[in-house]
Every structure is written in C-alpha cells, then in structure tokens.
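*Asks:*
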Amino acid sequence: MAKDPNELLSEMFSGMEAVGDVVPELNAAFVQMDQAAYVEGELERKYKELIGLAIALYSRCEYCITLHTKNALNEGANRDEILEAASVAIAFGGSPSMAYASTTLMAALDEFED
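Following the working numbering, the numbering of the sequence shown begins with 263 at its first residue and continues without gaps.
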C-alpha cells in the first residue's frame, strides 16, 4: 500500500526545514537552483513538472513523485498526460519505475486530482 501523499509531502518539507536549520547555505542554494529550473522559458512549467515527474519515477523518489504529480496537476496537466510521461520513465526504468508508478504515482493522482 502506498504511503499517504500528504504525509509524504509533510515529511519532506519538515526534513528540508531541519536540514536548513543545520546547513542554511546549502538549503538556500538548493531552493534557489530548484526554483530557477522551473522558471517558464521555452518550456511551460507544466512540461517541466512532467519532466521532473518522469525523472522522479526513474530515480524512485517517492517524495519527488508525489510533489511533481501535485505540481503537474496544479499547472494544468491531466491524468493522461501524467501517465504518458510516466510511460517514458517506465521504458527507461523498467520494473522499479512501474512499481512506483503503480503505487506512489497513482495514490498522488487519486489524492490531488480534482
């Protein structure tokens, strides 16, 4: 059974805050880099979130899968677009990516989709 998507996000943000308390320069640099990567340019933010989601699936990061699924939905992606992006990750990542798509991704879609 997949973990609750809201609990995953809460754990991640709490952990990042704890890291930021110990190494604030590292945390600030990470946040700045991450924000810069998702600024709209030639690619709309929606597509950047779909790319981030595919990389998260390939990397098997349940926190990242959950966050980028939520963000992609917020940027206007629909379930079909998200699952199509996931199919690319599964093509590269095989069974482990499929396992995370079948559990973590689907739980996030069910939780955050309107």
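Quick reminder that beta carbons are idealized off the backbone N, C-alpha and C, glycines included.
Please give the ranges of any alpha helix (DSSP H) in the segment 263-289, keeping only runs that are unbroken, at least 4 residues long and fully inside the region.
*Replies:* 267-284
*Asks:* If we ignore side chains and look at the alpha-carbon of each, how far apart do Tyr292 and Asp376 end up?
*Replies:* Note that residue 292 corresponds to Phe in the displayed sequence, not to Tyr. Roughly 30 Å between the two C-alpha positions.
*Asks:* Alpha carbon to alpha carbon, how far is Leu371 from Tyr309? Give it in angstroms, no decimals.
*Replies:* 17 Å
*Asks:* Go ahead and pull the three-state DSSP assignment for Glu337.
*Replies:* The answer is coil: DSSP assigns Glu337 none of H, G, I, E or B.
*Asks:* Pick helix, strand or coil for Arg307, following the three-state DSSP scheme.
*Replies:* helix
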